[in-house]
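There are 2 protein chains.
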Amino acid sequence: MNSGLVSTSHLVLGLLARGERHGYDLKREHDLRFPSARPLAYGQIYATLERMQRQGLVDAVSRERVDGPDRTTFRMTRQGRKELTTWLAEVETPAPFVTNLFATKVTLALLTGDEGAAADYLRRQRQAHLARMRDYTRVKTDPESSLSQVLAADYALSHLDADLRWMETALDRVTGLTEEMP
Amino acid sequence: MNSGLVSTSHLVLGLLARGERHGYDLKREHDLRFPSARPLAYGQIYATLERMQRQGLVDAVSRERVDGPDRTTFRMTRQGRKELTTWLAEVETPAPFVTNLFATKVTLALLTGDEGAAADYLRRQRQAHLARMRDYTRVKTDPESSLSQVLAADYALSHLDADLRWMETALDRVTGLTEEMP
DNA sequence: AGGCCACTATTCACGGTGTGACTAGTATCG
DNA sequence: CGATACTAGTCACACCGTGAATAGTGGCCT
Numbered sequence: 108m109n110s111g112l113v114s115t116s117h118l119v120l121g122l123l124a125r126g127e128r129h130g131y132d133l134k135r136e137h138d139l140r141f142p143s144a145r146p147l148a149y150g151q152i153y154a155t156l157e158r159m160q161r162q163g164l165v166d167a168v169s170r171e172r173v174d175g176p177d178r179t180t181f182r183m184t185r186q187g188r189k190e191l192t193t194w195l196a197e198v199e200t201p202a203p204f205v206t207n208l209f210a211t212k213v214t215l216a217l218l219t220g221d222e223g224a225a226a227d228y229l230r231r232q233r234q235a236h237l238a239r240m241r242d243y244t245r246v247k248t249d250p251e252s253s254l255s256q257v258l259a260a261d262y263a264l265s266h267l268d269a270d271l272r273w274m275e276t277a278l279d280r281v282t283g284l285t286e287e288m289p
Numbered sequence: 108m109n110s111g112l113v114s115t116s117h118l119v120l121g122l123l124a125r126g127e128r129h130g131y132d133l134k135r136e137h138d139l140r141f142p143s144a145r146p147l148a149y150g151q152i153y154a155t156l157e158r159m160q161r162q163g164l165v166d167a168v169s170r171e172r173v174d175g176p177d178r179t180t181f182r183m184t185r186q187g188r189k190e191l192t193t194w195l196a197e198v199e200t201p202a203p204f205v206t207n208l209f210a211t212k213v214t215l216a217l218l219t220g221d222e223g224a225a226a227d228y229l230r231r232q233r234q235a236h237l238a239r240m241r242d243y244t245r246v247k248t249d250p251e252s253s254l255s256q257v258l259a260a261d262y263a264l265s266h267l268d269a270d271l272r273w274m275e276t277a278l279d280r281v282t283g284l285t286e287e288m289p
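From first to last, the protein sequence lines stand for chains A and B.
The first sequence runs 108 to 289 under my numbering.
The second sequence runs 108 to 289 under my numbering.
So, in structure tokens, the structure goes:
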């Protein structure tokens, strides 16, 4: 399940859909619209814009100075618009492979022959997840929380819970395994 | 929730824990141990090994020819062993931010002012998820499936279900929104 | 008046990460 | 004896992100 990755280009494209923007602007708009999302660095935006320009998705409109240093304004090209609508309509096919970090760690721990380490890891990881879930639950019940924060918390909670259920069964299996050993 | 990323170095380190290996070997062992995982390209392994060597995590042991082209055998250094055990014991702190691809798409679709597209996307994404879930359910009930496949399917299913629940509420919200419009 | 800080806006060098094409040796099979 | 498949690795390249550096403007405090 890697269906959690958002390409920076598409993000920028989406933010440009409403009109011309310069890099600094895009960054602030991003932070405003996606407060709970993965942080986006300034440098990242400029680098992405340059790549997108090379690919013909955006155009540098103007270069002028308004109360401060020079700013370069960008707009979507027709091709960019097309790419955006395609992407927005495109269903994300959940990856045909499964990336489960916990399973990988446990498997590798067992491979090195250390069942104790595997079980220990699982127990501590479970504790960490439970703690994180308590945090999100607090966000949900906090009347100060914004709607988008509550929605993000909901999403996070259900995925943490999914992880947790996997860990419980794995733990049963691993401890069962070690107890069988003489 | 980006707790689904496995760094290639750690993976390689784990596979090297049982003894010396050369790149080609590592690739095959990976495919054997992690059949449901993200595919790992040969080139990726060699590149990773080189970086790890630079970082002092592995050593090139020997360079010899055995029934075929030259092969370079690698082994973990003491530092590599240490890094591995640290990593294996290290609890993954779920990211402090939430990456929700579906939410991002819907938000951007709404930003461009296209509620229809947003709702439409959600409906089709839901269908895709349901289809994928049927696939995994089939894997689970298939007596031919290996244990690791069943476990992977379990994990995938619960996460797909978590996504699905998020999409259902989002869909209610978006369609409610468009119906309010004149 | 002078100094400092905060904000705006961008650039640059660099490093990790992965991809696809290519080379090259050996074995096998018809 | 030629084609093919498997083994093993190299290389050039592109993407993506980071942190530091640069540079202009305005405001505030003393």
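Idealized CB from N, CA, C, for every residue including glycine.
Residue i - DSSP class collapsed to helix/strand/coil
i	result
F204(A)	coil
L238(B)	In the sequence under discussion, the amino acid at residue 238(B) is Ala, which differs from the Leu named in the question. It is helical.
E190(B)	helix
S302(A)	Since the first residue of chain A shown is 108 and the last is 289, residue 302(A) is not available in this structure.
F181(A)	strand
R125(B)	coil
F209(A)	helix
Q162(B)	coil
S265(A)	helix
V198(A)	coil
D89(B)	Shown here, chain B extends from 108 to 289; a query on residue 89(B) therefore has no answer.
V113(A)	coil
D132(A)	helix
S255(A)	helix
T155(A)	helix
D174(A)	coil
L147(A)	coil
G223(A)	helix
Contacting residues, own chain, Cβ-Cβ under 8 Å from residue i (five flanking each side not counted)
i	result
S169(A)	T179 and T180
G187(B)	L120, L123, M159, G163, L164 and V165
L271(B)	R233, H236, L237 and M240
L229(A)	F209, V213, M274, A277, L278 and V281
Inter-residue CB distance, residue i and residue j (contact presumed, cutoff 8 Å)
i	j	result
Y149(A)	G130(A)	7 Å
W273(B)	F204(B)	16 Å between Cβ atoms; not a contact.
W194(B)	H117(B)	5 Å
R140(A)	T214(B)	6 Å
R231(B)	V198(A)	5 Å
Cβ neighbours of residue i in the same chain (closer than 6 Å, five flanking residues each side left out)
i	result
V281(B)	A225 and A226
Spatial neighbours of residue i in its chain, beta-carbon cut-off 7 Å, leaving aside the 5 residues before and after
i	result
S143(B)	S255, Q256 and A259
L267(B)	H236, R239 and M240
R182(A)	L123, E127, V165, D166 and V168
L133(B)	V119, L122 and I152
Under 8 Å: do the region 125-142 of chain B and the region 237-245 of chain A share three or more Cβ pairs, one atom per stretch? no
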